[in-house]
Structure formats: C-alpha cells, structure tokens
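Shown next, in structure tokens, is the structure this report addresses.
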Amino acid sequence: MEYEKQYHQHVNPAAKYECLLFDVDDTLYSLSSGLSKACTKNIEEFMVQKLGIEESKVTEINRVLYRNYGTSMAGLKAIGYNFDYDEYHSFVHGRLPYHNLKPDPLLRTLLLSLPIRKVIFSNGDKVHVGKVLKKLGLEGCFETVISFETLNPTSESDDEISVKFRGLTTKTQSALPDTPIICKPFANAFEQAFKIANINPQKTIFFDDSIRNIQTGKEMGLHTVLVGTSHRTNGADYALESIHNIKEALPELWEAAAYNKKSQGVMYSKKVAIQTSVMA
7 MEYEKQYHQH VNPAAKYECL LFDVDDTLYS LSSGLSKACT KNIEEFMVQK LGIEESKVTE
67 INRVLYRNYG TSMAGLKAIG YNFDYDEYHS FVHGRLPYHN LKPDPLLRTL LLSLPIRKVI
127 FSNGDKVHVG KVLKKLGLEG CFETVISFET LNPTSESDDE ISVKFRGLTT KTQSALPDTP
187 IICKPFANAF EQAFKIANIN PQKTIFFDDS IRNIQTGKEM GLHTVLVGTS HRTNGADYAL
247 ESIHNIKEAL PELWEAAAYN KKSQGVMYSK KVAIQTSVMA
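Residues in the sequence shown are numbered consecutively from 7, following the working numbering.
What follows is the structure, given as structure tokens:
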C-alpha cells in the first residue's frame with residue numbers, strides 16, 4: 007500500500023514500537039464521566055428536532071445506525087438525511103458536560119515520559135477533540151491529531167447523497183446503503199490515518215475502547231490495547247481497566263526508552279573522550 011512506502015524512510019530497525027495511536031472518548035478518560043451518555047442523548051434529540059424522526063423510534067434507529075456504520079452521523083448520511091456536518095457536531099458535542107473532565111497530571115506524565123511518537127485517531131470533530139485534550143491537560147502531548155475533518159477533508163454535497171431509505175429497522179440491515187463518511191471501525195479510515203501520520207502499523211500500538219475498532223486495527227497490522235476493561239477479547243493484545251495502567255501492562259515501552267537514553271549517553275561520552283584525546 008502507499009502508506010507502506012511513506013514510512014520506510016523514517017523507520018528505526020532497532021525499535022519495536024515507533025508510535026502510540028490513541029482514540030479519545032472513553033479511552034483517554036473514563037466512561038464514568040458521563041460524556042458518552044450525554045452524547046447519545048444529544049444525537050437522539052438532533053434526530054427528532056432537526057431531522058423530524060419520530061421520537062419513539064430514534065433509540066432503536068440510532069442503535070442500528072451505530073452498529074452498522076460506526077457512528078450515528080455516518081448512518082444518517084447513508085440513509086439519506088441531509089444536514090450540515092458542523093451543525094451536527096455543534097448540537098451533539100457542543101452541549102456535552104465537559105466540566106466533568108478534570109486535568110490528568112498522571113496521564114500527562116506517563117505520555118511525556120515516553121520518547122515515542124503519539125498520535126490521536128478519533129471519529130470526533132477537531133473542536134471536540136481539542137476541548138477534551140484541554141480539559142484533561144494533555145495539550146502538547148501528541149504530535150498529530152487525526153479527527154473527523156482530517157478523515158473527511160471535503161464535505162459531501164447533500165444533493166450527491168441519494169435518498170435510499172428512511173425507515174431503517176433491524177430487519178433491513180442486509181440492504182444498507184453506503185455512507186460517504188470515512189470513520190472507524192472501517193479499514194479505509196485506518197488506511198487514511200496511516201498515510202496522514204506516516205505510520206507503520208507493525209510498529210504501532212493502538213489504544214481504543216471499542217472492540218470493533220480494536221479488531222479492525224488488529225486486522226490492519228497494529229498491536230492493540232482494549233481500554234476500559236480487564237477482559238482481553240479477540241483482536242486485543244492487551245486489555246486495560248484504565249489508560250493509567252499503561253505502564254503496568256507495557257513496561258517494555260519505558261525499558262526501551264531507558265535503554266535508548268543510556269545508549270545515547272554512552273555514545274555521547276565516547277565522542278567527548280575521543281575529541282578530548284585528539285585535542286590533547
């Protein structure tokens with residue numbers, strides 16, 4: 007693939023891992039924050055207030071869309087609803103209880119203690135991702151942020167999306183139309199991320215709370231860490247109850263960092279010694 011050609015020029019053959027790839031929501035912070043629940047509520051209210059979907063049906067429709075398309079937005083676009091992406095994100099994410107998120111100095115210290123590339127890979131929009139990172143005190147911890155806008159740089163015209171079906175139920179899943187939106191858990195989103203951030207999946211560890219995202223990541227060649235549970239499922243190399251357990255689960259990251267630092271120190275020391283002897 008094209009991304010495989012891009013990263014070869016930056017590969018360090020001696021390094022087992024060159025990049026840490028992180029999801030944001032319910033990964034960098036706990037599900038108990040309430041943001042996920044509030045997000046679902048906002049999505050369903052958007053479906054009723056902005057799209058005119060019958061209130062008694064939105065919960066089931068939303069569940070089916072999310073299961074089949076990765077995000078509710080992708081599913082709504084697929085079945086023909088026309089709306090502005092920014093309006094959707096403003097309605098759904100703009101009213102989230104961000105005040106529930108607190109600075110996380112422990113996680114910040116853990117991230118900054120690793121001299122390894124760190125990249126965000128989220129289905130959320132850039133404003134939402136930015137707010138979360140700011141609330142958690144994690145600004146400056148990541149080299150690159152891959153968000154909704156990164157994966158979908160040009161908005162599809164609503165006129166270009168054919169209205170194929172508006173009465174989606176669980177019985178119609180076998181005849182679902184395609185979505186114009188690129189997002190996890192689908193392979194094209196991962197391929198885009200690899201290209202954009204110049205990532206070698208075989209030397210990258212991927213952290214996400216979604217089993218589906220983790221399974222696709224594993225299929226794409228990533229080392230995978232399921233966050234939010236201690237139960238390791240199919241496709242997950244590791245499982246962490248909390249992102250704060252990263253050092254306990256992957257001590258080799260810090261061991262490699264310490265070894266590299268020591269090696270660099272020895273090389274520098276030898277260089278100075280050689281220079282001194284020549285000058286003498």
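Idealized CB from N, CA, C, for every residue including glycine.
Predicted model only: the values in this text are computed from it and were never measured.
Check whether ILE49 and ILE59 have beta carbons under 8 angstroms apart: no
Whether GLY223 touches PHE200 by CB criterion (8 angstroms): No, the Cβ-Cβ distance between GLY223 and PHE200 is not below 8 angstroms.
Residues bridged to HIS229 [DSSP beta-bridge criterion]: ILE211
Secondary structure of CYS45, DSSP reduced to three states: helix
Bridge partner(s) assigned by DSSP for TYR244: VAL231
Euclidean distance between Cα positions of GLU24 and LEU120: 11 angstroms
Whole-angstrom C-beta distance between PHE148 and LYS124, which should lie under 8 angstroms: 5 angstroms
Runs of beta strand (DSSP E) wholly within the segment 108-138 (minimum 3 residues, chain order): 123-127
C-alpha distance - ILE252 paired with LEU246, whole-angstrom precision: 7 angstroms
VAL64 - containing alpha helix (DSSP H), residue span: VAL64 -> alpha helix (DSSP H) spans 61-75.
The segment 70-87 in contact with the segment 107-120 per 3-pair CB rule at 8 angstroms: Here the segment 70-87 does not lie against the segment 107-120, with fewer than 3 beta-carbon pairs under 8 angstroms apart.
Integer Cβ distance of ASP29 from PHE192, believed to fall under 8 angstroms: Not a contact, Cβ separation roughly 14 angstroms.
C-beta atoms of ILE211 and LEU27 nearer than 8 angstroms: Using a Cβ distance threshold of 8 angstroms, ILE211 and LEU27 count as a contacting pair.
As assigned by DSSP and simplified to three states, the class of LYS177: Confidence in LYS177 is poor, its pLDDT being 40 and thus under 50, which makes the residue's placement unreliable; the coordinate value appears in the next sentence. In this structure, LYS177 counts as helix in the three-state DSSP scheme.
THR222, DSSP secondary structure in three states: Of the three classes helix, strand and coil, the one that applies to THR222 here is helix, per DSSP.
VAL133 vs HIS105 beta-carbon contact at 8 angstroms: no
Three-state class that DSSP yields for SER283 in the structure shown: With a pLDDT of 33 at SER283, under the threshold of 50, the modelled position of this residue cannot be trusted, and the question is left open.
Cβ shell of ALA21 (< 6 angstroms), same chain only, five flanking positions each side left out: none
Own chain, CB closer than 6 angstroms to CYS288, minus 5 neighbours either side, in chain order: Nothing can be reported for residue 288: it is not among the residues displayed for the chain, which extend from 7 to 286.
CYS45 and LEU102 closer than 8 angstroms at C-beta: yes
Contact check, ASN198 vs GLY227, beta carbons under 8 angstroms: Correcting the residue type first, residue 198 is Gln in the shown sequence and not Asn. Taking 8 angstroms as the Cβ cut-off, GLN198 and GLY227 do not qualify as a contacting pair.
Residue environment, ILE220, which counts as buried when at least 16 other CB atoms sit within 10 Å: ILE220 sits buried, since 16 or more C-beta atoms from the chains shown fall within 10 Å of its C-beta.
Straight-line Cα distance separating LEU57 from THR235: 35 angstroms
Test item: CB-CB of ILE249 and LEU34 under 8 angstroms: Contact: yes.
Backbone CA spacing between LEU37 and PRO183 [nearest angstrom]: 31 angstroms
Where HIS237 falls, given that 16 or more other Cβ within 10 Å makes a residue buried: exposed
Separation of LEU116 from PRO257, as counted between CA atoms: Rounded to whole angstroms, PRO257 and LEU116 show a C-alpha spacing of 11 angstroms.
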